[in-house]
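Written out below as structure tokens is the structure these notes cover.
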Amino acid sequence: MLRRIRGNESASVYYCLKRLEHAKIYLNAPTIKDEMTALYTNNLRHAAELQRLYSRDRPRTREIPLEKLPGLAIAMIHDPSCNPRDIFDLFGGFRIWKETHTNWARIRLVEKMAFEFSQVDFISNRVALRNVAWCIRYLHQHKVPISRLVIRVLTDIGIEGNIIEKGSVSRGRLQWVLGIIERTEGKVVAERIEAVVVNALHQERERRAREDCVRIEDL
1 MLRRIRGNES ASVYYCLKRL EHAKIYLNAP TIKDEMTALY TNNLRHAAEL
51 QRLYSRDRPR TREIPLEKLP GLAIAMIHDP SCNPRDIFDL FGGFRIWKET
101 HTNWARIRLV EKMAFEFSQV DFISNRVALR NVAWCIRYLH QHKVPISRLV
151 IRVLTDIGIE GNIIEKGSVS RGRLQWVLGI IERTEGKVVA ERIEAVVVNA
201 LHQERERRAR EDCVRIEDL
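Once you know that position 174 of the sequence shown is 174 in the numbering used here, the rest is easy, because the numbers rise by one and skip nothing.
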């Protein structure tokens, strides 16, 4: 039935799925996966509203967590109209900080989210880093080792991106990033990265000083 409706109008699928939820007819993840994929491709807001019903309003034993539909989270990250808070809310909101266990699908989604936040071009490095920090906090809560992908994201937006955007990086931010790198890659790697960053900052200051001198001479 859903497949026939989807061929006619995505809004019809949305209202059909919503009515089924309100009637407490709980479809499982494999049944709705294709429909939800088609829906968030055409109407992201409707897909997000349904996912909230699936993940927050169902009985615990019938919930469909966001990691069952990871494409929805990624689509929301890349949509300028979506607030990251809405994504985290679908992930579980404040309830996640009370979780006593997680699963690999959930961990992989968090790592993927961290990477995708770093790829968005309509937010600042500061906002991107704040979103990535949320992902890292979740991984730390469950004592999950920080992957090299997330480390690369941290160095890209937490250090390099800031140098490119502002010509500097705060000591607090640098130490926070280096601390995570040290726990993951070891002290030697963290020290090497710090040396590279210090050298890059020095070169950037010299470059800007030369540009200032040229501008003054042109006056």
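Ideal Cβ placement from N, Cα and C applies to all residues, glycine included.
Spatially closest choice to residue i from the options, by CA coordinates
| i | options | result |
| --- | --- | --- |
| GLU288 | THR155, ARG207, ASN42 and ARG208 | Given a span of 1 to 219 for the chain in the structure shown, any question on residue 288 remains unanswerable. |
| MET76 | VAL120, THR100 and ARG171 | VAL120 |
| LYS24 | ASP57, GLU204 and TYR138 | ASP57 |
| LEU174 | ILE159, GLY186 and GLY92 | ILE159 |
| ALA29 | LEU20, TYR14, TYR15 and ILE64 | ILE64 |
| TRP176 | ASP89, ASP79, LEU72 and ARG130 | ARG130 |
| LEU44 | ASP79, LEU20 and GLU206 | ASP79 |
| THR41 | TYR14, LYS187 and LYS18 | TYR14 |
| GLY71 | ASP89, LYS98, ASP34 and PHE94 | ASP34 |
Distance CB(residue i)-CB(residue j) smaller than 7 Å
| i | j | result |
| --- | --- | --- |
| GLU49 | LEU109 | no |
| THR229 | HIS142 | The displayed coordinates of the chain run from 1 to 219. Any statement about residue 229 would go beyond what the structure contains. |
| LEU39 | SER12 | no |
| MET113 | CYS82 | no |
| TYR26 | ARG52 | no |
| ALA73 | ILE96 | no |
Spatial neighbours of residue i in its chain, beta-carbon cut-off 7 Å, leaving aside the 5 residues before and after
| i | result |
| --- | --- |
| THR184 | PRO145, ILE146 and ILE151 |
| SER118 | ALA128, VAL132, VAL153, ASP156 and ILE157 |
| GLY161 | ASN125 |
| ARG208 | GLY167 |
| GLU298 | Missing from the structure shown is residue 298; the chain here goes from 1 to 219 and no further. |
| HIS220 | Given a span of 1 to 219 for the chain in the structure shown, any question on residue 220 remains unanswerable. |
| LEU149 | GLU111 and PHE115 |
| GLU204 | ILE163 and GLY167 |
| ILE32 | LEU17 |
| THR100 | none |
| LEU20 | LEU27 |
| GLY172 | none |
Environment of residue i [buried if 16+ CB atoms lie within 10 Å]
| i | result |
| --- | --- |
| ASN199 | exposed |
| PHE222 | For the chain, the structure presents residues 1 to 219; residue 222 sits outside this window and is missing. |
| TRP104 | exposed |
| ASN8 | Caution applies to ASN8, whose pLDDT of 49 falls short of 50 and renders its modelled position unreliable; the model cannot decide the point. |
| ARG4 | Any reading at ARG4 needs caution, since the residue's pLDDT is 47, under 50, leaving its predicted position unreliable; the model's value is listed next. Exposed is the call here. |
| SER55 | buried |
| TYR233 | Summary: the structure shown does not reach residue 233, with the chain confined to residues 1 through 219, and so no result is reported for it. |
| VAL196 | exposed |
| ARG106 | buried |
| VAL188 | exposed |
Same chain, Cβ closer than 6 Å to residue i, five either side skipped, listed in chain order
| i | result |
| --- | --- |
| ARG60 | none |
| LEU250 | Absent from the structure is residue 250, since the part of the chain shown begins at 1 and ends at 219. |
| PHE91 | LEU66 |
| ALA190 | LEU178, ILE181 and GLU182 |
| PRO84 | ASN131 |
Cutoff 8 Å; reference residue i; Cβ partners in own chain excluding five residues on either side
| i | result |
| --- | --- |
| ILE180 | ILE136, ILE146, ILE151 and LEU154 |
| ARG210 | none |
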